[in-house]
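Notes to accompany the following structure.
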Amino acid sequence: MGLRTMDIHTPTIPSSNPNVLISPEDVPQTLESSKASLMALMSRRDALEAELKALGSVLDSHGVTMTTPLTTFDGYPRDDIDVAQIRITRARIVPLRNDYKALTAEIERGLHGLHALSASLPDAPIPAASSGSGGGGGVVEEIIEAPFARVNTVEPSGPAGVAGVRVGDLVKRFGGVGALDGVSGGGGQDALGRVSGEVKKFEGRVLKVLVSRRDSDGVWQNVNLEIMPRAGWGGRGLLGCHLLPV
């Protein structure tokens, strides 16, 4: 099966060159276009990740990895596994991994470009969808730090409760999971699905969490928390809280 090539190297974010002038009335469209391009890249990366996971399951079903020998000590193909299928699967995984790395680098460049575009236009009008105020930086913040989950319940004696998590908190970042992880079509549900994996990965270790909550004046403020997921605290799960997508 031939590998379909993808043009992942074409710049998708407008140049931040100060000599390139953008009229104020074009700023909302330019920023929205940049955001749409960035989200399209994220969607493509999610598709690659899903295919890599499926291919990895094929290797797992045979009990092999990318480096497991497929021949016996005397050079004959092993008869306890499907050598042909494993070789085809490995051959597919290699270029997909390269494409995944290239897309990740393109996304990082896109974020930097979006930051630069916003920062270079401090007096530009902000698209109505943005929750930012004052300057263009709010547009980038909208993408990177948009909440993807709301805390529905918290057990006071659980790891989350002890760390200071409160009912009503809006989760913006949970370890390595943030709003950008949910742009493949599933929204907050997509990012929320990755939280369980992050919790298991950090069991017994400190996990950094960013939430937004209302202060006494009703103003939303960012709050940084540190949670240590663990079992044996006297309740169900490793956190002691329940999240819902937003």
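Adding 464 to a residue's 1-based position in the sequence shown gives its number in my numbering. Where is the CB? At the ideal position from N, CA and C, for every residue including glycine.
Nearest to residue i (by Cα), restricted to the options the options
i       : options                            : result
Thr-617 : Leu-512, Gly-701, Gln-685          : Gly-701
His-526 : Asp-538, Asp-543, Val-687          : Asp-543
Glu-662 : Ala-511, Arg-637, Glu-496, Ser-680 : Arg-637
Val-635 : Ser-497, Ala-511, Glu-496, His-706 : His-706
Val-547 : Val-522, Val-558, Pro-559, Lys-565 : Val-522
Arg-678 : Ala-511, Arg-630, Val-558, Leu-512 : Arg-630
Residue i versus residue j - alpha carbon distance
i       : j       : result
Val-407 : Met-530 : No answer is possible for residue 407: the residues shown for the chain start at 465 and end at 710.
Arg-658 : Val-641 : 7 Å
Lys-665 : Val-673 : 14 Å
Pro-533 : Gln-549 : 14 Å
Ser-660 : Tyr-540 : 43 Å
Gly-632 : Asp-563 : 39 Å
Gly-639 : Gly-628 : 16 Å
Ile-590 : Asp-524 : Summary for Ile-590: the model assigns pLDDT 36, below 50, so the residue's position carries little reliability, and this model does not support an answer.
Gly-574 : Lys-499 : 9 Å
Ala-655 : Thr-536 : 44 Å
His-576 : Leu-505 : 14 Å
Arg-509 : Glu-572 : 12 Å
Ala-514 : Ser-507 : 11 Å
Ser-680 : Val-528 : 56 Å
Asp-538 : Ile-552 : 23 Å
Lys-565 : Asn-686 : 31 Å
Pro-497 : Ala-695 : Residue 497 is actually Ser in this sequence, not Pro. Whole-angstrom Cα-Cα distance: 45 Å.
Ala-518 : Val-558 : 14 Å
Asn-688 : Glu-667 : 19 Å
Ala-511 : Ile-545 : 28 Å
Gly-649 : Val-710 : Reliability fails at Gly-649, whose pLDDT of 40 lies under 50, so the model's placement of it is uncertain and the value that follows must be treated cautiously. Taking the straight line joining both Cα atoms gives about 13 Å.
Ser-595 : Gly-699 : Low confidence applies to Ser-595: its pLDDT is 36, below 50, so where it sits in the model is not reliable, and the reading given next is rough at best. The straight-line gap from Cα to Cα measures roughly 37 Å.
CB-CB length for residue i against residue j, believed under 8 Å
i       : j       : result
Leu-708 : Arg-556 : In fact, because the Cβ distance is near 37 Å, the residues do not count as touching under 8 Å.
Pro-623 : Gly-704 : 6 Å
Arg-561 : Leu-516 : 7 Å
Leu-502 : Leu-567 : With a Cβ gap of about 11 Å, Leu-502 and Leu-567 do not count as contacting.
Neighbour-count burial assignment, residue i, 16 or more Cβ in a 10 Å radius
i       : result
Glu-690 : exposed
Trp-697 : buried
Pro-721 : Since the first and last residues shown for the chain are 465 and 710, residue 721 lies out of range.
Pro-611 : buried
Glu-570 : buried
Val-670 : exposed
Pro-693 : buried
Val-683 : exposed
Gly-625 : buried
Heavy atom of the ligand PLP within 7 Å of residue i beta-carbon
i       : result
Thr-532 : Among the ligands in the structure shown, none appear at all, so the ligand PLP cannot be discussed.
Checklist entry - What are the uninterrupted segments assigned as alpha helix (DSSP H) that are 4 or more residues long and contained completely in the region 645 to 699, given in chain order? => result 651 to 665
Item to check | Minimum length 3: unbroken beta strand (DSSP E) runs contained in the region 619 to 643 | outcome: 634 to 638
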